[in-house]
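Chains as they are written, first to last, in the numbering used here: chain A, 2 to 526; chain B, 4 to 169; chain C, 2 to 103; chain D, 1219 to 1878. One structure below.
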């Protein structure tokens, strides 16, 4: 099983091939195939979880082959504590999303093929250790996402103010935003590539895309020894990843994309794609340019942007009347906590941040699934258009309240742990004084409670809206997608150790690496 | 000029003459006969080249097979009894010029190339049938099989194409 | 001078030229086919001659056999096409088969 | 004992799990599961108390902790910490909770979500017991939030009523504000000391690792948590609204236990408060006690009267703690738990009988509901501070502590004076409630006729609680067990500790005497006044109300706090949220769209240039090629033989060219 990463990454591709062979009218078989392959993926993920050695900082399940030798491009896969959590999350959410997509009836074949392609792209991003390979997977994701939002999202419509909105608009917006980020990332990648020398002893520069080499500061040559250049490279990478997170002010693609996308795609978008931004920072920006990360303006900038995300996102969420948009803005707010946790460069904060990535993945997935459930029944998402649903749909209400309370960080539910430790980590930072920033950001806790409870009240409490007196409660298939998430949320809220133990060794090492970054390069300090 | 050489020239002249007849003749049946003789001539040349098996194949396949096939073609497309068994030619002058040019070119190439001839091999006259059979079943097994399949496919294809009313 | 490789090659070249002439000038499709057979024969002579004079094993002859087989196959297909052509145009005059004209 | 403690903690959780999933299908909708679990927890708590009493040691302590979350560098443990305070609180909570479970069986018997109600009660009991048992700030914060959740669920239990849903939301969010401040305090403590565990934190503070302004700030921030939970000024607004919940819930959560959690927490972490922090606590308590008492004077809803009296009493407790009367404050917490639960259950019994909460609809119920009346009266006398009822002893201790504080620091004498006034008002408004409810003639005849004494399952808890309101714990004995913890006792040897407050034995005695007489006097005065107004009708309440119109209006409108918050905090938040959203849509997204539009414009401009010039050139080339193509077209005869000929000719020509 030393090819396990290749297997988990390309298994969906096999699924695509099979799906393409199925006649397009045999929708059930297509769905079952998709479910089977993502299910297999989950099994492999479980195998990885069992066999993962959490005691070591080195990359595991490595696979390394020459791919394009003339440019030193390798097919290099491997995971450590940081990526294994994301791999688990991706496998798990993809599987669930297949079931959430069961109701898709338009272009079933294309939908599931695209979905599986997306799956491969996501897995590849988290598994690849070659920057070039990483970049390719990063771009591979874009394409299916574009079609999934554009074709299977809501149809194009003209708003009362004459603006054209809808799936195609959101898809293009998403695509262009991300592409813009990718270009910056590409530039940074090339700068790194051309200024890293694998073998400093022989004359002539041996370039490489191997991330482990790129992380090795002693191999950096040429312009990479100029601190200003390093700052620029860091900035380019940062913007590239920030768009994906999304960080204020690059976030406006997110509400549109979330609202217009079909439920399962929203889940993947919020659950996995957003994590890629922060994953990229932790996997690429921080370890490759640790000294630039430590430059005051960047460190404080990251924390301040995190706080803006938290508070601004919460305020925006409060003003929404569209339930899905509210959840989208709450994602922005929650991702701010990840950034805040990272910015302190402490073991607590870093672990808290990655835990938050995982927990937000499960929590927001649950929220989007539940939004999809009500949308399927009522065909609208206007918060004020409901009312008193708790009487009519007790199970749905219970599920939604679990998701809401997880979102507002109730103790005993997973995101509480990650939020607390993110805040603790940022507040206790030894390198930067983030105390005031952290205290300000805690306002977000109140705001989050405010908008979630307000929404909950408007939708579920009070008199039952007579329009919905016959609304059926959540059904078995929908429960099947939600219950596993609920169990994870509760379990990790009470006992986060299984998740934490996976990643802490790698993340503590990362913190040490950044702390030890050569201060001489910090010419400006 | 040995006997061998004389025989060669005879065969060569016979072959070329028959071929010329085939080209020049306006009657398609005459052409076919010319081709027949030409094939025989080539078979003779093979014998001179110590390729006895090949000579036999040439006679059997070409004379016995392909030519018959061609004649069938003639019969099926033109009634033998019809007067119009003649066929015309077209673009004769440019064609002759171009072909002559080609011949000159080939001739020049042949003359100017220094051939790396193995000298002592000239005398050997060993029957080749057994060796060819052996080689076909060993070294050339795969080409042999492929060509068999090709032949089969060609025959099926031919039968399909020639079907009436397609 | 004794008959050597070059003689055979010249013979082959002449045969080739004649075949070519037939292919280019003949109106009748069957005659064109005959020309093609001539060309193939010319090529075969070359194979055998080279096998005799340059490379003394039997590879050339075996190649020649393959050429003959392929020729048989192509003749069969070509005749089928001719028959088909006849079906359509009620003639095998190649002047009339000019749907490729620009 | 640790096993007992764990079982106490887990039993309600188990009951909750059973109730929420299969409660509906159990016989009697599973009320016996929750109730039984609670009684079992009580019986498990008794041995703990017995052990604490039998050891009779102020430093009695059993702790145990387990690794929970290990970050490598930081290790967070989950631990159980039992000392005298815990043991007493365990008994108080489990006993009252058991009784209220029992009472609820009668009170809620025909509710459609009967099983859900018991599930919520169980989750509340679990959180409350956890809050008492845990050994560190992290744990207490978790259970702190969880009691907030259960409070939310129970206040909003009748969520079809908009007022209930609003009240629930208000309670949770107001609490959350306090919680966030508390969280900030925990942030300070943890990042400075690196531990959550109480004992270790105390040790670190005693060793001077955290001191001065930062420690004061941390203390005040932590106390803010208690301000939220214990409904202190300025976060008291949620508690009166919380009366929307079922009355037993009000008794359990919003009177006896949860709101007292703030006081408990301040007691538990008493040593971290600097003198300044304690002063803040004392003043907050004073303001709360006075303000709530004044509001309670004019309320007409019986539950609201009780709610404001609760707020006021919680203020008393804070005064006790803030002025250094550690034992007094906690003593009042314990006695208050019993008599306030009693009062609420009594009011519940009345509400159950007349189906109204307005005192205007009541009156004369004494004859119809004798048990309820007598127990309610006992509770009233206890809360008013009439000797020998339990409330007298504890309130007296608080006043003594306040007076002592004032005598030592004369500038802060105001605390004692105001608190004393509030104590007087307590007697007044509580007696008023009794007279309006039980005394006089029935004001609503129809409802009166309908009224009847409650069933046994409801009156038994009343009697048991009344027993506790009459009798009391011996003060000296409590003082011994709940000795005020001294920071110095946590210090490592050789570290000098600056004492925050301190005992002043010389004034203590005097203070106690004065306080006792003044408290009896003021309580008597309050009761007398109340009797004059509402029983003997010597003074007209309406007339005085008209005469003091502005003050009356102010009290009636609860000092306009709700309106103030509505106009500032809530409106401000909503305003900012609207602005943010608009900003997001118009400015940021507008910018993005503008960029897109400019790009497309540019592309159109480009397009025109393209069509005219670049395309023109391209077309020209195409046309030229087209011309030659047309000429060459004639070569395309379509005859294969022609093509071959041309190829041959080309070969020949090429060969010739190559030759020369």
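For glycine and all other residues, C-beta sits at the position ideal for the given N, C-alpha and C.
For the segment 14 to 27 of chain C, which residues have a beta carbon sitting closer than 9 Å to at least one beta carbon of chain D? 21, 24, 25, 26, 27
By a C-beta neighbour count over all protein chains shown, 10 Å radius and 16 as the cutoff for buried, is residue 229 of chain A buried or exposed? Here residue 229 of chain A refers to the residue found at position 228 of the first chain. Answer is exposed; the Cβ neighbour count stays below 16.
Beta-carbon proximity list for residue 300 of chain A, same chain, < 8 Å, skipping 5 on both sides: The residue given as residue 300 of chain A occupies position 299 in the first chain. Once the five neighbours on either side are set aside, the close Cβ partners of residue 300 of chain A are 294, 344, 346, 432, 433.
When the cut-off is 9 Å and only beta carbons count, does residue 86 of chain B lie next to chain C? Counting from 1 along the second chain, the entry for residue 86 of chain B is found at position 83. Legend: pLDDT at residue 86 of chain B = 44, less than 50; position of this residue unreliable, value from coordinates given subsequently. Cβ-Cβ to chain C under 9 Å: no for residue 86 of chain B.
Kindly indicate which residue of A/151, A/180, A/470 has the alpha-carbon position closest to the one of residue 166 of chain A. In the first chain, counting from the first residue as 1, residue 166 of chain A sits at position 165. Here the closest residue by C-alpha is A/151.
Residue-chain proximity (residue 1394 of chain D, chain A), Cβ-Cβ < 9 Å: Along the fourth chain, one-based indexing puts residue 1394 of chain D at 176. Yes, residue 1394 of chain D counts as interfacial toward chain A.
Using a Cβ-Cβ cut-off of less than 9 Å, list which residues of the segment 1856 to 1868 of chain D approach chain C; keep chain order. 1856, 1857, 1858, 1859, 1860, 1861, 1862, 1863, 1866
So is residue 141 of chain B in contact with chain C if we call contact Cβ pairs under 9 Å? In the second chain, counting from the first residue as 1, residue 141 of chain B sits at position 138. Not one chain C Cβ lies under 9 Å of residue 141 of chain B.
Could you tell me whether the Cβ atoms of residue 1641 of chain D and residue 1603 of chain D are closer together than 9 Å? Position 423 of the fourth chain, counted from the first residue, corresponds to residue 1641 of chain D. Position 385 of the fourth chain, counted from the first residue, corresponds to residue 1603 of chain D. Result yes, Cβ atoms of residue 1641 of chain D and residue 1603 of chain D sit closer than 9 Å.
Can you tell me which residues form a DSSP beta bridge with residue 1 of chain A? Here chain A has residues from 2 to 526 only, and residue 1 of chain A is not among them.
Of all the CB atoms in chain D, is at least one closer than 9 Å to the CB of residue 325 of chain A? Along the first chain, one-based indexing puts residue 325 of chain A at 324. Closer than 9 Å: no.
is_contact[residue 22 of chain B, chain D] using C-beta, thresh 9 Å: As a working note, residue 22 of chain B is residue 19 in the second chain. Chain D, which has no Cβ nearer than 9 Å to the Cβ of residue 22 of chain B, makes this no.
With 9 Å as the threshold, decide whether the Cβ of residue 33 of chain C is near any Cβ in chain D. Here the question's residue 33 of chain C lines up with position 32 in the third chain. Yes, its Cβ sits closer than 9 Å to a Cβ of chain D.
Look at the alpha carbon of residue 1255 of chain D and the alpha carbon of residue 1308 of chain D, and state the distance between them as a whole number of angstroms. On the fourth chain, position 37 is the one that residue 1255 of chain D refers to. On the fourth chain, position 90 is the one that residue 1308 of chain D refers to. So the two alpha carbons sit approximately 14 Å from each other.
From the DSSP output, which residues share a beta bridge with residue 1879 of chain D? Residue 1879 of chain D is absent from the structure shown; chain D starts at 1219 and stops at 1878.
From D/1500, D/1798, D/1494, D/1243, residue whose alpha carbon lies closest to that of residue 1481 of chain D: Counted from its first residue, the fourth chain places residue 1481 of chain D at position 263. Minimum Cα distance to residue 1481 of chain D is reached at D/1500.
Would you check if there are 3 or more beta carbon pairs closer than 8 Å linking the segment 85 to 102 of chain A to the segment 33 to 42 of chain A? yes
Identify, in the order they occur along the chain, each residue of the same chain with its Cβ nearer than 6 Å to the Cβ of residue 222 of chain A, setting aside the five sequence neighbours on each side. As a working note, residue 222 of chain A is residue 221 in the first chain. Result list for residue 222 of chain A: 196, 198, in chain order.
Nearest to residue 202 of chain A by CA position, among A/219, A/487, A/117, is which residue? Position 201 of the first chain, counted from the first residue, corresponds to residue 202 of chain A. Of the listed residues, the one whose Cα sits closest to residue 202 of chain A is A/219.
Do you know offhand how far residue 504 of chain A's Cα is from residue 1259 of chain D's? As a first step, residue 504 of chain A is located in the first chain; it is residue number 503 there, counting from the start. As a first step, residue 1259 of chain D is located in the fourth chain; it is residue number 41 there, counting from the start. Taking the straight line from one Cα to the other gives about 39 Å.
Cβ shell of residue 56 of chain A (< 7 Å), same chain only, five flanking positions each side left out: Here residue 56 of chain A refers to the residue found at position 55 of the first chain. Hits under 7 Å: 506.
When you compare the CB positions of residue 1282 of chain D and residue 1298 of chain D, do they come within less than 9 Å of one another, or not? As a position in the fourth chain, residue 1282 of chain D is number 64, starting the count at 1. As a position in the fourth chain, residue 1298 of chain D is number 80, starting the count at 1. Yes, the Cβ-Cβ distance between residue 1282 of chain D and residue 1298 of chain D is below 9 Å.
So residue 1873 of chain D contacts chain B; which residues on that side make the cut at Cβ distance below 7 Å? Here residue 1873 of chain D corresponds to residue number 655 of the fourth chain, with the count starting at 1. The contacting residues are 108.
Residues that residue 47 of chain C contacts on chain B, provided the C-beta gap is smaller than 7 Å: Mapped onto the third chain, residue 47 of chain C falls at position 46. None at all; the shortest Cβ gap to chain B is about 10 Å.
Proximal chain C residues relative to residue 30 of chain B, where beta-carbon distance stays under 7 Å: The count along the second chain starts at 1 and reaches residue 30 of chain B at position 27. Neighbours of residue 30 of chain B on chain C: none; closest Cβ ~10 Å, over 7 Å.
Of the listed residues A/496, A/355, A/273, A/376, nearest to residue 511 of chain A (C-alpha basis): Numbered from its first residue, the first chain carries residue 511 of chain A at position 510. Taking only the C-alpha atoms, the option nearest residue 511 of chain A is A/355.
Going along the chain, which unbroken runs of the beta strand (DSSP E) with 3 or more residues stay wholly within the segment 1238 to 1262 of chain D? none
Along the chain, where does the alpha helix (DSSP H) that runs through residue 42 of chain A open and close? Looking up residue 42 of chain A in the first chain gives position 41. Counting along the chain, the alpha helix (DSSP H) containing residue 42 of chain A begins and ends at 28 to 52.
Any heavy atom of the ligand GTP closer than 8 Å to the beta-carbon of residue 1659 of chain D? Among the components modelled here there is no ligand, and therefore nothing to report on the ligand GTP.
Going by the beta-carbon positions, is the gap between residue 1531 of chain D and residue 1461 of chain D smaller than 9 Å? Here residue 1531 of chain D refers to the residue found at position 313 of the fourth chain. Here residue 1461 of chain D refers to the residue found at position 243 of the fourth chain. Their beta carbons are not under 9 Å apart, which means residue 1531 of chain D does not touch residue 1461 of chain D by this criterion.
Spatial neighbours of residue 485 of chain A within its chain, please: CB distance less than 8 Å, with the 5 preceding and 5 following residues excluded, ordered by chain position. As a working mapping, residue 485 of chain A is identified with position 484 in the first chain. Only 93, 97 meet the Cβ criterion.
To the nearest angstrom, report how far apart residue 401 of chain A and residue 1475 of chain D are at their CA atoms. Along the first chain, one-based indexing puts residue 401 of chain A at 400. Along the fourth chain, one-based indexing puts residue 1475 of chain D at 257. Looking at the two C-alpha atoms, the distance is approximately 29 Å.
Quick one: list the residues of chain A neighbouring residue 1374 of chain D, beta-carbon separation under 9 Å, in chain order. Reading the fourth chain from its first residue, position 156 is the one you call residue 1374 of chain D. The contacting residues are 458, 462.
Taking only beta carbons into account, state which residues of the segment 65 to 78 of chain B come closer than 9 Å to chain D, listed in chain order. none
Mind checking who residue 1354 of chain D pairs with in its DSSP beta bridge? Against the fourth chain, residue 1354 of chain D aligns to sequence position 136. DSSP output for residue 1354 of chain D lists D/1415 as bridge partner(s).
In or out: residue 165 of chain B buried (at least 16 other Cβ within 10 Å) or exposed? Working through the second chain from its first residue, we reach residue 165 of chain B at position 162. Classification of residue 165 of chain B: buried, given that the 10 Å Cβ count is 16 or more.
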